[in-house]
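Engineer: Residue numbers (my numbering): 1181 to 1868. Take this structure, written in structure tokens, and hold onto it; I'll ask about it next.
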């Protein structure tokens, strides 16, 4: 821990002047000093001038968590590849090397190279990799910056008291978010409650899980109470300042923190896992990873903070609203959803509450002046997109089934896979939840009008065996990217540099749709099922879906609490999946061993001929193998009928699927062996 105290001061101060991690449209690029100070920068320099102080805070903004930056990916794979929704087919990917074969160890936290294999880094080493290029950043580097701002901003001579208050609110919120990032990966943390002097020892040890969440909450309360911390940006300021945190960001974060805290991972009758008696030390305490009891009133706290958010929003003219479709059809629904998750707030888009700006543009055009079909101009997040395109996160059949039908029914085809199982040749991909088509590529005969950049503007999508897309040529796809016979569409769209050029992207840490779903979950846990269903419908109605309870009466959602919670989790996956890793953390906080251990599947779609026989494969007796033959569709003929298989994923098969292998240690990551050995009271999590 001494390293953070001696090194972060210098690195943190200099980062404000030498960093370009934040986006120019966030004003930080334009706000950088015309002439940066030399290497003798110190804390007096930073707080001697308002512009220097602002730049110091902007460098902390550049460290907000985003699952699509290199430092937060597992060597090219986002955390979604650990869920039931996506699978990594890259042999060099972090999941393929660590989690899937069960080889993750506490030493994974201590690597200094870019091939980080853990899902989140716990380290007090500042700037473990080049943060300005998307590398890993110690949460304590960000924490120290924020404390320095809070403790010293009153010294700034040329800044108004109102602005000082606002910047304090932003610093408290950023710091709270970084502690929350670590809390949901490790449990109780070492809590730095001030900026330590250089060389000063940290001696408080590891806090309990409840102490940690209460501390995070106290930071958020400090932010909310700052009189200068505004509720929302003015519309005229969105172009320059979209993404700056507000009191709405803090209130939303508070609800999200308590949703995680109230969930069964820490809040249950017994801990998720006991310590091995042989590994107990003088510092070991089961309350580092358990609240000590099950306390249902924690859901009341989450509910209260949701209501605080919506009341504050109403008092401010309901500034934050869901983006609504321009037309009541698939095209309108899809574009409303795309605007909500993908683009930054502007004068007509007020859905994002807390977001990360990895860089400025969508395409690499803004970076090097040329259109690169592989590019995603997010600095090092371009590496992230290469990872997605190379199979770092390929959709599973389970994700396809997560999305229901266009009328609001859940996916109804429970026994359709296998030869002869679909005698009517039903196309299971028609009339689906519009968000399915915005999330992954599936076979389609036609596309709705008004949807820009849809599948490279092809007239149809033929991902069946023997179709065009599985040959990898017409869609610029690698074999791994479509190994499941699905491919990712969310974020990537069609890679069309002509239509996606220079788009301003904002990755949501929290957006308004999630607030409705957090509210719904808290209501459900507080036995207010109908109120919960009302909140769910607010989100679903944006894409034209019927009421969940009306369209699925067999689920008995007004009386069956377990089914209702499961439907909320499913809805969260449909709405905010692959945005901030929420599907993974939902599986963690709900202790869904069943989802982690259930084998995942690909899909094989077979076109049927007029006699109901499968096409696309021919047996070669000489080679004793099946060969794929061309059965592309002629658009002048009727759309084909199909049969389906869902083979279990074998490439990178997860040890979690092996009977008897799973252990609950996987709910939390191991902490760094190096950090534990420093002797300041950090302990290892159970099972590691």
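C-beta atoms are modelled at their ideal positions from N, C-alpha and C, and glycine is treated no differently.
1) Note the first and the last residue of the continuous alpha helix (DSSP H) segment covering residue 1133.
2) Any contact of the stretch 1373-1390 with the stretch 1335-1345, i.e. 3+ C-beta pairs under 8 Å?
3) Could you pull the DSSP bridge partners for residue 1491 from this structure?
4) Using CA coordinates, which residue listed in 1360, 1736 and 1787 is at the minimum distance from residue 1391?
5) Locate the alpha helix (DSSP H) running through residue 1436, then write down its first and last residues.
6) Please classify residue 1541 as buried or exposed, where buried requires at least 16 other C-beta atoms within 10 Å of its C-beta.
7) Given 8 Å as the limit, is there contact between the stretch 1358-1378 and the stretch 1270-1279, that is, 3 or more CB pairs closer than that?
8) By DSSP, does residue 1529 sit in helix, in strand, or in coil?
9) Have a look at residue 1426 and residue 1720 and give me their C-alpha separation to the nearest angstrom.
10) In this structure, does DSSP put residue 1771 in helix, strand or coil?
11) Looking only at its chain, what residues have a beta carbon closer than 6 Å to the beta carbon of residue 1227, apart from the 5 residues adjacent to it on each side?
12) How far does the alpha helix (DSSP H) with residue 1366 in it reach, from first residue to last?
13) Answer yes if the stretch 1238-1251 comes into contact with the stretch 1319-1332, meaning at least three C-beta pairs across the two stretches below 8 Å, and no otherwise.
14) Which residue's Cα is closest to the Cα of residue 1380: 1860, 1264 and 1864?
15) From the DSSP output, in three-state form, read off residue 1574 for me.
16) To which residues does DSSP link residue 1808 through a beta bridge?
17) Looking only at its own chain, which residues have a Cβ that is under 7 Å from the Cβ of residue 1789, when we skip the five neighbours before and after it?
18) In terms of residue numbering, what span does the alpha helix (DSSP H) encompassing residue 1276 cover?
19) From which residue to which residue does the alpha helix (DSSP H) around residue 1701 run?
20) If you draw a straight line from the C-alpha of residue 1862 to the C-alpha of residue 1694, how long is it?
21) How many angstroms separate the CA atom of residue 1284 from the CA atom of residue 1630?
22) Pull up the CB-CB distance for residue 1849 and residue 1299, whole angstroms please, since I reckon it's below 8 Å.
23) Considering only their Cβ atoms, is the gap separating residue 1670 from residue 1758 smaller than 8 Å?
24) Give the DSSP-derived three-state secondary structure of residue 1300 in the structure shown.
25) Quickly, what does DSSP pair residue 1788 with across the bridge? List them, please.
26) Does the count of Cβ pairs from the stretch 1434-1453 and the stretch 1764-1775 closer than 8 Å reach three?
27) Does residue 1852 pass the burial test, meaning 16 or more other C-beta atoms within 10 Å, or should it be called exposed?
28) According to DSSP, is residue 1685 helix, strand or coil?
29) Heavy atom of the ligand ZN less than 7 Å from the Cβ of residue 1823, yes or no?
30) Taking DSSP as the reference, what is the three-state secondary structure of residue 1864?
31) Quick one: Cα of residue 1263 to Cα of residue 1764, how far?
32) Please report the distance separating the alpha-carbon of residue 1887 from that of residue 1525.
33) What does residue 1781 pair with, by DSSP beta-bridge criteria?
34) Roughly how many angstroms lie between the CA atoms of residue 1204 and residue 1464, to the nearest whole one?
35) Quick one: using the 10 Å Cβ neighbour count with 16 as the cut-off for buried, is residue 1458 buried or exposed?
36) What is the rounded straight-line gap between the Cα of residue 1470 and the Cα of residue 1642?
Structural biologist: Reading from the atomic positions:
1) This structure does not reach residue 1133, given that the chain is present from 1181 up to 1868, and the question cannot be answered.
2) In short, these stretches do not touch, since the Cβ pair count stays below three.
3) Bridge pairing for residue 1491: absent [DSSP].
4) Cα-wise, what sits closest to residue 1391 is 1360.
5) Where residue 1436 is concerned, the enclosing alpha helix (DSSP H) stretches over 1427-1442.
6) Summary for residue 1541: the model assigns pLDDT 45, below 50, so the residue's position carries little reliability, and this model does not support an answer.
7) The stretch 1358-1378, when compared against the stretch 1270-1279, does not touch it at the 8 Å Cβ threshold.
8) The three-state reading of DSSP puts residue 1529 in strand, counting E and B together.
9) Whole-angstrom Cα-Cα distance: 26 Å.
10) It is coil, neither helix nor strand.
11) Within the same chain, residue 1227 has close Cβ partners 1233, 1332, 1335 and 1336.
12) Going by DSSP, residue 1366 is part of the alpha helix (DSSP H) stretching over 1341-1366.
13) These segments touch.
14) It is 1860.
15) When secondary structure is reduced to three states using DSSP, residue 1574 falls in the strand class.
16) Under DSSP, residue 1808 shares a beta bridge with 1797.
17) Excluding residues within five positions, the ones whose Cβ falls inside 7 Å are 1795.
18) 1274-1277 is the span of the alpha helix (DSSP H), which, as asked, contains residue 1276.
19) Residues 1692-1705.
20) Rounded to the nearest angstrom, the gap between the Cα atoms of residue 1862 and residue 1694 is 33 Å.
21) Going from the Cα of residue 1284 to the Cα of residue 1630 covers about 46 Å.
22) 6 Å between Cβ atoms; contact.
23) Taking 8 Å as the Cβ cut-off, residue 1758 and residue 1670 qualify as a contacting pair.
24) Three-state result, residue 1300: coil.
25) Looking at the DSSP assignment, residue 1788 forms a beta bridge with 1794 and 1821.
26) Contact holds between the stretch 1434-1453 and the stretch 1764-1775, because three or more Cβ pairs, one in each stretch, are under 8 Å apart.
27) Buried is the call here.
28) Looking at residue 1685 - three-state DSSP - the assignment turns out to be strand.
29) The model depicted lacks the ligand ZN and carries no ligand whatsoever.
30) Coil.
31) C-alpha separation (whole angstroms): 5 Å.
32) No statement about residue 1887 is possible, as the shown extent of the chain runs from 1181 to 1868 and does not include it.
33) 1828.
34) With a pLDDT of 31 at residue 1204, under the threshold of 50, the modelled position of that residue is not reliable, and no figure is offered here.
35) Classification for residue 1458: exposed.
36) About 50 Å.
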